[in-house]
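Let me begin by presenting the structure, written as structure tokens, before commenting on it.
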Amino acid sequence: MRISSFTNDRIKYLRSLYRTKYIRQESKFVLEGVRIVEEAIKEDVNIEQVFYSEYLMRNQRGEELLADLRETGAEILEVDDEIIQKVADTESPQGILAIVEQVDYNLTDILTGDNKLILIVDQVQDPGNLGTIIRTADAAGVDGVITTKGTVSLYNQKTIRATMGSLFRMPVYWASDLKELKNILDDSGVKVVVGDINGDKYHFEVDCSSSTAIVVGNEGTGPRDELIEFADQLIKIPLVGDAESLNVAMAAGIMVYEAVRQRIVTNN
């Protein structure tokens, strides 16, 4: 039976998972659109419920996706397209929403092994930036991303979309205590390198071929003072043109890929 009422309990529950309070409480979040749901299936994410409308079935790709979802064991619910349009954050949800379980990581998941490459994201506010950073980290083979208090939610819909599925592969850990984080990194032999406009060395002058955590900070103010004090090294990216700064996701990519370059050279 197709659900057509916004007062339906399942629809009320779905809508609640757009609020941070309930995302944390339930350890679940919502996916919107065909591609991200396809990625979730590919990465064997636990999909609990699927809400779809006739719009999804307008092409073969949508039909195949629904068939694949039935094989996952998820509860499949048909709803009026109006419900999906009004519940969804995006303007084009493509006739499908899915509730999935969060995967909770701890620092051990990120720090186990040798020559770790970690990205620490401090108080980044724009969800598109966070999502792009996670996608870049995934492409670069980073071992994990650590976010700090004040950073936009990983489960913001714009963040999810910007990751292009990388959030299903990249371990992301939320650190509430910077001092404790620094102590754990020190004990694990991880050097902390902080990107700062006033850094005393360029990013390509610092050895990041061994275990390293690269820190990027807030779009407007950069990394907070506490992280600058914790830094084993402050680094900067050369700005030889007229622009005074780089987008934080771009800066993260430049610094991370320099570390990747060094590791390739060292291993060869």
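For the sequence shown, the numbering used here assigns the number 13 to the initial residue and increments by one for each residue that follows. Glycine included, each C-beta is placed from N, C-alpha and C at the ideal position. It should be emphasised that the depicted structure is a prediction, and the values quoted were computed from it without experimental measurement.
On the three-state DSSP scale, how would you describe residue i?
i: Lys170; result: helix
i: Tyr214; result: strand
i: Lys54; result: helix
i: Ala187; result: strand
i: Gly74; result: helix
i: Leu246; result: strand
i: Val252; result: coil
i: Ser178; result: helix
i: Arg82; result: helix
i: Asp199; result: helix
i: Ile240; result: helix
i: Glu192; result: helix
i: Arg36; result: helix
i: Ile209; result: coil
i: Arg47; result: helix
For the alpha helix (DSSP H) containing residue i, list its first residue and its last residue.
i: Ala271; result: 260–279
i: Asp219; result: Where Asp219 is concerned, there is no enclosing alpha helix (DSSP H), given that its DSSP letter is neither H nor E.
i: Leu26; result: 21–28
Between residue i and residue j, how many whole angstroms is the CB-CB distance? I'm expecting something under 8 Å.
i: Leu89; j: Val99; result: The Cβ separation is near 12 Å, so there is no contact.
i: Val268; j: Ala152; result: 5 Å
i: Leu275; j: Gln135; result: The sequence given here has Arg at residue 275, not Leu. So it is not a contact: roughly 28 Å between Cβ atoms.
i: Val157; j: Leu190; result: The pair is not a contact, with the Cβ atoms about 15 Å apart (cut-off 8 Å).
i: Glu50; j: Leu77; result: 6 Å
i: Tyr67; j: Asp93; result: 5 Å
i: Gly211; j: Leu246; result: 4 Å
Closest to residue i by CA distance: which of the options is it?
i: Val272; options: Glu192, Lys128, Ala79, Ile249; result: Lys128
i: Asp208; options: Ile146, Leu190, Asp199, Ile249; result: Ile249
i: Lys203; options: Leu123, Leu26, Tyr64, Ala86; result: Leu123
i: Ile23; options: Thr171, Ser223, Tyr64; result: Tyr64
i: His215; options: Ala264, Asp199, Asp198; result: Ala264
i: Ile48; options: Gly253, Gly211, Leu81; result: Leu81
i: Val133; options: Ile111, Tyr117, Gly162, Leu119; result: Gly162
i: Glu192; options: Leu119, Val218, Val42, Val206; result: Leu119
i: Ile240; options: Asn58, Met13, Ala261, Ala225; result: Ala225
i: Ala86; options: Ala187, Leu43, Leu166, Val62; result: Val62
i: Glu160; options: Thr175, Ala187, Val154, Arg173; result: It is Thr, not Glu, that sits at residue 160 in the sequence shown. Answer by Cα proximity: Ala187.
i: Leu142; options: Asp155, Asp121, Glu113, Thr175; result: Thr175
i: Ile60; options: Leu26, Gln72, Asp93; result: The question names Ile, but residue 60 in the sequence shown is Glu. Cα-wise, what sits closest to Glu60 is Leu26.
i: Thr84; options: Val206, Val57, Glu270; result: Val57
i: Glu113; options: Ser17, Leu43, Asn259, Lys213; result: Leu43
i: Asp126; options: Gln37, Thr233, Val277, Gly201; result: Gly201
i: Lys170; options: Pro105, Gly229, Glu217, Arg36; result: Pro105
i: Asn168; options: Ile35, Asn259, Val205; result: Ile35
i: Val91; options: Gly253, Arg173, Val46, Phe18; result: Phe18
i: Ala52; options: Gln37, Val218, Val115; result: Val115
Looking at the strands, I want to know which residues DSSP matches up with residue i.
i: Gln97; result: Gln97 pairs with nothing; no bridge assigned.
i: Ala225; result: Ile130, Val204
i: Ile88; result: Val62
i: Phe41; result: Val112
i: Thr160; result: Ala187
i: Ile15; result: Val91
i: Asn230; result: Gly234
Between which two residues does the beta strand (DSSP E) harbouring residue i extend?
i: Thr120; result: Note, Thr120: premise wrong, no beta strand (DSSP E); alpha helix (DSSP H) at 119–123.
i: Ile146; result: Segment 139–152 is the alpha helix (DSSP H) holding Ile146; no beta strand (DSSP E) there.
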